[in-house]
Structure formats: C-alpha cells, structure tokens
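Using this note's numbering, you'd call the opening residue of the sequence shown number 7 and step up by one each time. Note that CB positions come from ideal geometry on N, CA and C, so glycine has one too. A quick write-up on the structure given underneath.
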Amino acid sequence: MPDLGPEWPAASRLLDRIRMGGVLVALAGVTAVGIPLQFLALKLKLPARRRIPMLFHRAVLALIGVRVTVKGEPSAARPLLFLSNHSTWLDICVLGSVVPLVFVAKAEVAGWPLIGLLAKFQRSVFVDRQRRAKTGAVNQEIADRLSQGDPVVLFAEGTSSDGNRVLPFRSALVGAVRDVMATGADARVQPVSVAYVKVQGIPMGRQHRPLAAWYGDLDLAPHLLEVLRQGAIDVTVTFGQAAALDGPLDRKAVTRLCEEEVKRLLQDSLTGRAGAT
C-alpha cells in the first residue's frame with residue numbers, strides 16, 4: 007500500500023466534516039419541508055397526518071445512514087399498545103419509520119429544540135415522572151389516542167440503556183390499556199425490541215454497541231455528530247406476539263410478560279439468532 011503521508015489523517019477529517027455538514031444541511035431541508043406539511047395536516051385533520059411523520063423518519067434515517075431490518079409484523083388489531091426497550095433518540099426514528107404511531111415521551115422532551123416540536127406534531131403523550139398524581143390523566147390521554155386507532159409506543163423502561171440489555175419495565179402507564187378496555191374495546195399489547203447490531207457492516211458487540219446508545223448524561227448534539235461520523239448503522243426491529251387482553255387486566259402481569267419477551271427478542275437479534283415470526 008502506498009505511503010499516503012502525514013497529510014492523510016487531516017484530509018480524512020476534512021472529508022468527514024464536509025460529509026457531516028452536507029448531511030446536516032439535508033436534514034435541515036427535510037425538516038423545513040416536513041414541519042409545515044405536518045402542521046397543515048394536523049390543522050385540517052387530514053389522513054396524511056399519520057403518514058407524514060413516518061416518511062420524515064425514513065428520510066432522516068436514509069440521510070444519517072441507518073438501515074432498518076424488520077422481523078415479525080406489527081399487529082393489525084386496534085387498539086394497540088407497543089411495549090419497547092429504549093437506548094437512544096434514534097429509536098424514535100427507527101420505530102416511526104416502520105409504522106404510523108404515537109409515542110409516549112418524558113415531559114422534558116417537549117422543550118427540546120426541534121425534537122420537541124416534532125414530538126408535538128406527532129401528537130406524542132408527554133409524561134412528567136416527578137408528578138405521579140398526573141398518571142391517571144396521562145393514562146386517559148393514551149387511552150384517547152388508542153381509541154382513535156393510533157398505535158401507541160411506550161418505552162416501558164422509563165429511561166434509556168446502553169443497548170446491551172433491557173432494564174425493568176414499569177407498569178403504571180400500561181393502565182392506559184385498561185382504560186380502553188372499560189369502553190369495550192378489544193385492546194392488545196405487543197412487545198417489540200430495537201437492537202443496534204452493526205456499524206459499517208461490522209457486528210458491534212457489547213463493547214461498541216454504546217456508540218449508538220444515548221444514555222446517562224450524554225448531550226444530544228455531540229451524540230448526533232458522533233452517529234454521523236460513525237457511518238452506516240444496522241438496526242433490527244423485532245415484533246413479538248400481540249396479547250389479547252380479555253377479562254380483568256392485571257397490568258403488572260402483562261408488563262412482566264412483555265419485559266421477558268422483549269429481553270428474548272433483543273438477545274436473539276444481538277446474537278444473530280432468528281427472531282419472532
């Protein structure tokens with residue numbers, strides 16, 4: 007191999023910066039188009055209000071270089087609540103690119119630049135974990151979304167992990183499904199796992215998987231730039247079997263079952279075993 011000289015690392019860094027700058031400009035363009043369209047769709051209550059966010063997420067992932075593989079199928083039943091693991095802000099784009107849905111997000115997300123605005127346009131439900139007295143009202147809001155036919159995603163861990171494991175699921179907000187059941191709706195809960203498996207075509211492994219994870223005290227902007235710098239990331243989304251909730255709902259039991267299933271689905275994806283069908 008020829009000697010590229012000491013100038014090569016500097017040239018490589020320059021090319022990286024040019025590429026990242028181009029991606030950021032393209033992201034700004036997609037956002038500038040998507041936000042007004044979604045605002046109009048929401049204002050006029052157009053059916054497109056459910057599709058525009060999905061197309062936006064697909065465009066964002068394509069620009070960033072994230073490739074999504076889907077195993078299993080999202081249930082066609084409604085009302086439908088997804089219980090998922092969570093390791094990074096990318097989860098929103100990944101899941102949002104697969105099926106039109108509504109997210110349950112922590113209250114502080116509403117105040118974040120751009121992401122908060124996008125979350126509001128997707129009619130996300132915001133949860134203030136410091137005010138437990140509001141849980142009933144939040145459950146009702148989730149129930150309303152479910153009753154309107156919108157699948158709802160709940161990141162049941164209540165926080166984000168390093169992507170290698172599933173943290174304990176919290177059951178309080180699963181009570182939203184019980185609220186829907188009270189109206190006679192045949193509600194279902196479906197476990198889904200999101201696994202970050204490769205970077206630049208190479209398996210991440212436990213040591214490098216946190217490259218994609220956004221957890222702890224990491225700031226958003228530096229993490230976004232690091233994801234752009236890493237290049238192509240492969241993600242596997244696996245849908246488990248949806249559970250019909252007939253009779254009295256034991257939210258804690260359902261949450262435990264979904265937690266165990268998400269653990270299994272995640273490990274199957276991380277180790278390369280076949281996921282759910």
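Whole-angstrom distance between residue j and residue i, CA atom to CA atom
i: Val260; j: Ala219; result: 27 Å
i: Leu86; j: Ala113; result: 22 Å
i: Leu217; j: Arg235; result: 11 Å
i: Ala149; j: Leu226; result: 30 Å
i: Leu69; j: Ser177; result: 36 Å
i: Ile208; j: Ser275; result: 14 Å
i: Arg257; j: Met187; result: 12 Å
i: Arg56; j: Gln128; result: 8 Å
i: Ile58; j: Val108; result: 13 Å
i: Asp168; j: Val144; result: 27 Å
i: Ala54; j: Leu43; result: 9 Å
First through last residue of the beta strand (DSSP E) which encompasses residue i
i: Asp240; result: Ile239 to Phe245
Three-way DSSP call (helix, strand, coil) for residue i in this model
i: Lys49; result: helix
i: Ala249; result: strand
i: Phe175; result: coil
i: Leu89; result: strand
i: Gln128; result: coil
i: Pro197; result: strand
i: Gly164; result: coil
Bridge-paired residues (DSSP) for residue i
i: Phe109; result: Val159
i: Ile208; result: Val205
i: Arg73; result: Asp240
i: Val133; result: Lys112
Near the ligand FMN: residue i beta-carbon under 6 Å from a heavy atom
i: Leu52; result: Absence of the ligand FMN is noted for the structure shown, with no ligands found whatsoever.
Range covered by the alpha helix (DSSP H) that runs through residue i
i: Lys258; result: Arg257 to Thr277
i: Asp185; result: Gly181 to Met187
Other residues of its chain near residue i: CB distance less than 6 Å, five sequence neighbours each side excluded
i: Leu67; result: Cys99 and Ser103
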